[in-house]
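Undergrad: Following this message is one structure expressed as structure tokens.
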Amino acid sequence: MPSTSIDIIRASVFSTYAWLKNNKWLFFSMLIWPYLMTFLILALGMVYGSLETYRERLGISNPVLYILASSGIVMSSLMIVDVVATSALYHRWLGTLPYLLLTPTKTYKVLILEPVPSAILSSTMSMLAILPGAVFFEGLLGAGKLFLILLVVYLGMLPLIGLSVIIASLTLVLREETNIASFLTPLILLLSGVFYPIQVLPAILQEISRIFPTLYVVQAAKLTATYAIPEIKALLGLISALIILTLIYNGTASLALGTSEKMVKKSGVI
Amino acid sequence: MLINAIEAKGLVKNYVTWDRRGFFKRKKRVVKALKGVSFNVIRGEVFGLLGPNGAGKTTTVKIITTLLLPDEGKATVMGYDVVSEAEKVREVIGVTLSVEKGFFWKLTGRENLKYFGMLRGLKGRELDRRVEEVLELVGLKELGASDKLYEEYSLGMKARLALARALLHDPPILILDEPTIGLDPMSARTIRELLVKLAREEDKTVLITTHNMFEAELICDHVAIINDGRIVAYGTIGELKRRAADRLAVEMIIAAPHTILGDLETRISKLIGVRELGLEPLEEGRARLRIVVKPGEEEVIIAKSIEAFYSNGIKVYQVRVHEPTLEDVFILLTKGSK
Amino acid sequence: MMRNDIRIRAIIWLHFLRLWRYKFSFLNNILTTILWLTIFVLGALMFIPSSKWGEMAPIALWGIIMWQFLASSVWYIGGWTWFFISQGLVEEHLLTNTSPVPVLVGRAITGLSVTLTASLLVALVFTGLAGASVLIVYNPLIVLIGLVLLATMTISYALLLSAASFRIGIPGTILDIANFISFVLGGLAVPIANLPEQIRPIALAIPYAHPAEIVRYGVRGLEPYLGLTNELIISIIFALALALSARIVFKKTMKYIRKHGVKAVGRM
Ligand SMILES: Nc1ncnc2c1ncn2[C@@H]1O[C@H](COP(=O)(O)OP(=O)(O)O)[C@@H](O)[C@H]1O
Ligand SMILES: [Mg+2]
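Residue numbers (numbering that gives the first Met the number 0), protein chains in the order written: chain A, 0 to 269; chain B, 0 to 337; chain C, 0 to 267.
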């Protein structure tokens, strides 16, 4: 009987739970990291210059909330790419990759669905972590805005998962022990203008950044941090961009994975 | 001149561990790994320290190789005390602690040997010569594995490399902890033959630990059987077998699908009321059952077993009674205490 | 003595060889480091009016370089210990009468290679951003002295962490937090004189602050907070004290493992 998507997800929810239970520190890290990043940027910025300059340059009303939200986005993107792109590697280390591939369904489905629960969990965690910060600055409205950002983050995850599967296929084929593509996450984030306006980057990089989903997620966060009530029209634009990227990336990913699966089976490096 | 290459007297070792109980609770527990272990290894012999898992073999090896301090007792190697003259002891021993780790993954076998040779003070042409010699000796050259990365080695190659490192500085004494565990028959045989050759032709003293009786019978001059932290028997293979001379071994081949093997041993021992038995899985869902009995008892035991097996639906294919092997002695001596 | 020479040669050879064999990881680490640094630096630069970029860029750059000294010591030495222990390499070295300490210190070769390459490349990025070369220094010798003192401290600190990981598991997040705190409060990122008055005593108590002041003097000619001579003396005392405690603690740890056996306890 072929495994259904629900079966795969249920199994994965369980293993994520067991894993977190045994790695309580990781759980704690997820909560603490957005604040650490915010602390770092704010502390550096304020001893070098002033918050006022930052506010003016980015044209936002609440810089601290914006930095917090950006840190949350950075963390959740990092976790998604990390979880998805390394899950195949991780299974190879553990020697469970062959069993994973033996699950009676398409490998693509397994590789995408298997890491989804931990990816959702970790991005929710990172965003929830900054909830106290948001409530502190803007009360209930802040919490509402955060919820809005969280929804966009979920949407942004879809193309990001596709992208990560492409990376995973590459690492599998290249037979590397560690995730040698770990530089891709900071690269994507750098190009998405997380803590600064995208305009400070050279024009060519600004063009390239359009293909990365995080750009739109960051912009959505900026919108919500700029206006009391973000413009629906601008938000809708970002959302449609994310949907288009989802289709493109996941299409490519299924092709890439099919190819790499064949190559892996041929060369026997499972 | 010294007669004994290694002497251990009254070695005691307790490990302190903490059991995890729930979230933050931990409970201190003392594991009595050695409860007074004494034995001597004569120069130029192959000595086997035999015992089941957890008996204390590795702990004994670690104490003799200076890596672990005994709580009580004393041990010397070539007359050097393992506690106060550790550095000197380390110069005269070649050690393998594990057949599957202890090297750098992204270095080749040859590079790994070169590195550890340099740490031992070898250099230049002398170093190269020794490295080539030991690679040849353990058969890694023949396998064409000298220049493969360690991470690409099979277990057999890893074991050979570990032995090569132990031989690198040409030490008079070799101390090897389960040097053939998990190896394919070919690799295990190469290693065993090499050990015997080293002892016979180069007058090296070899101490190996194992729970493979077949191996011990093949190569050991003397063996000591360790169980639950105590030496329960010592002697030549012949002497040990004679210790069980007033015994007979009843061997039965029975149907034992792998699915029920788990608790079959205890079930059988309850069924027929004997404690000293060993069960070894064979192919095709069969298993070999060995029971050590006093002469004269064998008929009763056989009758009882067949009856018990029959009423439990376990098929019996073959029954044989013979003189005890080392394995039977081992079962006799190690099962009794637990 | 002869034998120690060969040993040191062996250890250096080992680490360069491994660096070469792990070249993809090496490049990936450098790239990752640079990208993260750039993200944070760009963020921090947004707080500064463009007219002051030329002035602040060298301080920020050198702050980051010094922070990398700390972070890479912690990860390349401290973080590697788990691998070293779990692969049974501690015992294998002891059997050749070699202490694990020089082997672990040798990891600084790997750490420094990443740090120096990444720093150089980040400097190029900065030069592009600030419009002037940020690598021209006022007194190279003083910079070198400051960096050597800093490296002594960070390597000793990493060895203390190593020693600890023979007995307890240290969560990586704690180490990152400690590094961040040293970076901001410990005067690596900014001159002590620029910190708020109340924080300065904390900075002065963190050893790294002192070589950092020396380095900044060498780079920009900024007068060290306690004066150059005083900072030199204090730095040397701190460096020696840290190195000595690393030595003592490691000796104790080696005794401990001989008593209780080597076990890989926790992974960083
Ligand atoms: N470092 C340690 N800490 C706690 N207990 C240990 C440690 N090493 C071994 N033991 C325990 O000591 C006993 C003897 O172990 P060992 O000498 O490894 O046996 P063997 O090598 O014969 O299988 C076992 O019960 C084992 O669990
Ligand atoms: Mg053992």
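For each residue, glycine too, the CB sits at the ideal point set by N, CA and C.
Assuming contact is defined by CB atoms lying nearer than 8 Å, are THR109 of chain C and ILE29 of chain C in contact in what I supplied?
TA: Within the third sequence, numbered from 1, the residue matching residue 109 of chain C stands at position 110. Within the third sequence, numbered from 1, the residue matching residue 29 of chain C stands at position 30. No, Cβ-Cβ distance for THR109 of chain C and ILE29 of chain C is not below 8 Å.
Undergrad: Spatial neighbours of GLU71 of chain B within its chain, please: CB distance less than 7 Å, with the 5 preceding and 5 following residues excluded, ordered by chain position.
TA: As a first step, residue 71 of chain B must be located in the second sequence, where it is residue number 72. Same-chain partners within the cutoff: GLY9 and VAL11.
Undergrad: Suppose the cutoff is 7 Å on Cβ atoms and the five residues either side in sequence are ignored; what does the same chain contact list for ALA233 of chain A look like?
TA: On the first sequence, position 234 is the one that residue 233 of chain A refers to. LEU222, listed in sequence order.
Undergrad: Note down, in chain order, each residue of its chain lying with its Cβ closer than 7 Å to the Cβ of LEU119 of chain C, except the 5 sequence neighbours on either side.
TA: Within the third sequence, the letter at position 120 stands for residue 119 of chain C. Contacts found: none.
Undergrad: With a threshold of 7 Å (Cβ to nearest heavy atom), would ARG57 of chain B be considered close to ligand 1?
TA: Counting from one through the second sequence, the residue named residue 57 of chain B turns up at place 58. A small correction: the amino acid at residue 57 of chain B is Thr; Arg does not occupy that position in the sequence shown. True, at least one ligand heavy atom lies under 7 Å from that Cβ.
Undergrad: Note the first and the last residue of the continuous beta strand (DSSP E) segment covering MET251 of chain B.
TA: Taking the second sequence and counting its residues from 1, one reaches residue 251 of chain B at position 252. Residues 247 to 254.
Undergrad: Quick one: Cα of ILE84 of chain C to Cα of PRO190 of chain C, how far?
TA: As a working mapping, residue 84 of chain C is identified with position 85 in the third sequence. As a working mapping, residue 190 of chain C is identified with position 191 in the third sequence. Answer to the nearest angstrom: the Cα atoms are 39 Å apart.
Undergrad: Could you tell me whether the Cβ atoms of VAL113 of chain C and THR32 of chain C are closer together than 8 Å?
TA: By one-based count along the third sequence, residue 113 of chain C stands at place 114. By one-based count along the third sequence, residue 32 of chain C stands at place 33. For VAL113 of chain C and THR32 of chain C, yes; Cβs fall inside 8 Å.
Undergrad: Measuring only from the beta carbon, is ASP176 of chain B closer than 7 Å to any heavy atom that is part of ligand 2?
TA: Translated into positions along the second sequence, residue 176 of chain B becomes position 177. Yes, since a heavy atom of ligand 2 falls inside the 7 Å radius drawn around the Cβ of ASP176 of chain B.
Undergrad: Counting only Cβ pairs nearer than 9 Å, list the residues of chain C close to SER28 of chain A.
TA: Mapped onto the first sequence, residue 28 of chain A falls at position 29. Correct list: PRO170, GLY171, THR172 and ASP175.
Undergrad: Taking C-beta pairs closer than 9 Å, name the residues in chain A that ALA59 of chain C reaches, listed in chain order.
TA: For the purposes of this step, residue 59 of chain C is taken as the residue at position 60 of the third sequence. The answer, in chain order, is LEU43 and TYR47.
Undergrad: Quick check: is any heavy atom of ligand 1 less than 7 Å from the C-beta of ASN226 of chain B?
TA: Residue numbering aside, residue 226 of chain B sits at position 227 when the second sequence is read from its first letter. No.
Undergrad: For the pair the stretch 221 to 229 of chain B and the stretch 49 to 56 of chain B, tell me if three or more CB-CB distances fall below 8 Å.
TA: Because the criterion of three Cβ pairs below 8 Å is met, the stretch 221 to 229 of chain B and the stretch 49 to 56 of chain B touch.
Undergrad: Tell me whether PHE46 of chain B sits in a helix, a strand or coil according to DSSP, three-state version.
TA: On the second sequence, residue 46 of chain B is found 47 positions in, with the first residue counted as 1. Three-state DSSP puts PHE46 of chain B in a strand.
Undergrad: Quick one: Cα of GLU84 of chain B to Cα of ALA70 of chain C, how far?
TA: In the second sequence, the residue the question calls residue 84 of chain B occupies position 85. In the third sequence, the residue the question calls residue 70 of chain C occupies position 71. Spanning the two alpha carbons is a distance of roughly 40 Å.
Undergrad: If we count the other Cβ atoms within 10 Å of its Cβ and call it buried at 16 or more, is LYS203 of chain B buried or exposed?
TA: Translated into positions along the second sequence, residue 203 of chain B becomes position 204. When all chains shown are included, LYS203 of chain B counts as buried.
Undergrad: Please decide whether TYR255 of chain C counts as near chain B, where near means a Cβ-Cβ distance under 8 Å.
TA: Locating residue 255 of chain C in the third sequence gives position 256, where the first residue counts as 1. Closer than 8 Å: no.
Undergrad: Do three or more CB pairs link the stretch 25 to 35 of chain B to the stretch 97 to 104 of chain B at distances below 8 Å?
TA: Segments in contact, no.
Undergrad: Can you tell me where the beta strand (DSSP E) holding ASN226 of chain B begins and where it ends?
TA: Numbered from its first residue, the second sequence carries residue 226 of chain B at position 227. That run of the beta strand (DSSP E) goes 221 to 226.
Undergrad: Does any residue of chain A have a CB that is nearer than 8 Å to the CB of MET45 of chain C?
TA: In the third sequence, counting from the first residue as 1, residue 45 of chain C sits at position 46. Judged by the 8 Å Cβ criterion, MET45 of chain C is in contact with chain A.
Undergrad: Evaluate the contact criterion for the stretch 132 to 146 of chain C versus the stretch 119 to 135 of chain B: three or more CB pairs, one atom per stretch, below 8 Å.
TA: No contact exists between the stretch 132 to 146 of chain C and the stretch 119 to 135 of chain B.
Undergrad: When every heavy atom of ligand 1 is checked, does at least one fall within less than 7 Å of the C-beta of THR65 of chain B?
TA: Within the second sequence, the letter at position 66 stands for residue 65 of chain B. THR65 of chain B: no, Cβ never under 7 Å from ligand 1.
Undergrad: Ligand 1 heavy atoms versus the CB of LYS262 of chain C: any closer than 7 Å?
TA: By one-based count along the third sequence, residue 262 of chain C stands at place 263. Yes, the beta carbon of LYS262 of chain C sits closer than 7 Å to at least one heavy atom of ligand 1.
Undergrad: Looking at the C-beta of PHE115 of chain B, does it have a partner C-beta in chain C at a distance below 8 Å?
TA: Indexing the second sequence from 1 puts residue 115 of chain B at position 116. Closer than 8 Å to some Cβ of chain C, the Cβ of PHE115 of chain B qualifies, so yes.
Undergrad: Taking the alpha carbon of LEU160 of chain C as the point to measure from, which residue in C:LEU149, C:ILE173 and C:LEU203 has its own alpha carbon closest?
TA: For the purposes of this step, residue 160 of chain C is identified with residue 161 of the third sequence, where counting begins at 1. Ranking C:LEU149, C:ILE173 and C:LEU203 by Cα distance to LEU160 of chain C puts C:ILE173 first.
Undergrad: What does DSSP give as the partner residues of TRP17 of chain B in its beta bridges?
TA: In the second sequence, the residue the question calls residue 17 of chain B occupies position 18. The partner list for TRP17 of chain B (beta bridge, DSSP) reads B:LYS27.
Undergrad: Could you please give the first and the last residue of the uninterrupted beta strand (DSSP E) stretch that includes ILE207 of chain B?
TA: The count along the second sequence starts at 1 and reaches residue 207 of chain B at position 208. From DSSP, the beta strand (DSSP E) with ILE207 of chain B extends over 204 to 209.
Undergrad: Spell out whether any CB of chain B is found under 8 Å from the CB atom of ILE252 of chain C.
TA: Reading the third sequence from its first residue, position 253 is the one you call residue 252 of chain C. Residue identity differs from the one stated: residue 252 of chain C is Thr in this sequence, not Ile. Not closer than 8 Å to any Cβ of chain B, the Cβ of THR252 of chain C fails to qualify, so no.
Undergrad: Which residues, in chain order, does the stretch 22 to 45 of chain C contribute to contact with chain A at a C-beta distance below 7 Å?
TA: Answer set for the stretch 22 to 45 of chain C: PHE23, SER24, ASN27, LEU30, THR31, LEU34, TRP35, THR37, ILE38, PHE39, LEU41, GLY42, ALA43 and MET45.
Undergrad: Short check: CB of MET36 of chain A to CB of ALA128 of chain A, under 8 Å?
TA: Here residue 36 of chain A refers to the residue found at position 37 of the first sequence. Here residue 128 of chain A refers to the residue found at position 129 of the first sequence. Their beta carbons are not under 8 Å apart, which means MET36 of chain A does not touch ALA128 of chain A by this criterion.
Undergrad: Residues of the stretch 178 to 190 of chain C with a CB closer than 7 Å to any CB of chain A: list them in chain order, please.
TA: Of all residues in the stretch 178 to 190 of chain C, PHE179, VAL183, ALA188 and VAL189 have a Cβ within less than 7 Å of some Cβ in chain A.
Undergrad: For ligand 1, any of its heavy atoms closer than 7 Å to the Cβ of ALA74 of chain B?
TA: To locate residue 74 of chain B, count along the second sequence from 1; it is residue 75. For ligand 1, not one heavy atom lies less than 7 Å from the Cβ of ALA74 of chain B.
Undergrad: With DSSP run on the structure shown, which of helix, strand or coil describes ILE92 of chain C?
TA: Along the third sequence, one-based indexing puts residue 92 of chain C at 93. Residue identity differs from the one stated: residue 92 of chain C is His in this sequence, not Ile. Note: HIS92 of chain C maps to helix in three-state DSSP.
Undergrad: Tell me which same chain residues have a C-beta within less than 7 Å of the C-beta of LEU239 of chain B, skipping the five on either side of it?
TA: The count along the second sequence starts at 1 and reaches residue 239 of chain B at position 240. Excluding sequence neighbours, LEU239 of chain B sits near VAL222, ALA232, LEU325 and VAL328.
Undergrad: Out of curiosity, what's the CA-to-CA distance linking SER336 of chain B and THR235 of chain B?
TA: Counted from its first residue, the second sequence places residue 336 of chain B at position 337. Counted from its first residue, the second sequence places residue 235 of chain B at position 236. Summary for SER336 of chain B: the model assigns pLDDT 47, below 50, so the residue's position carries little reliability; its value from the coordinates is reported in the next sentence. Distance between the alpha carbons of SER336 of chain B and THR235 of chain B is about 22 Å.
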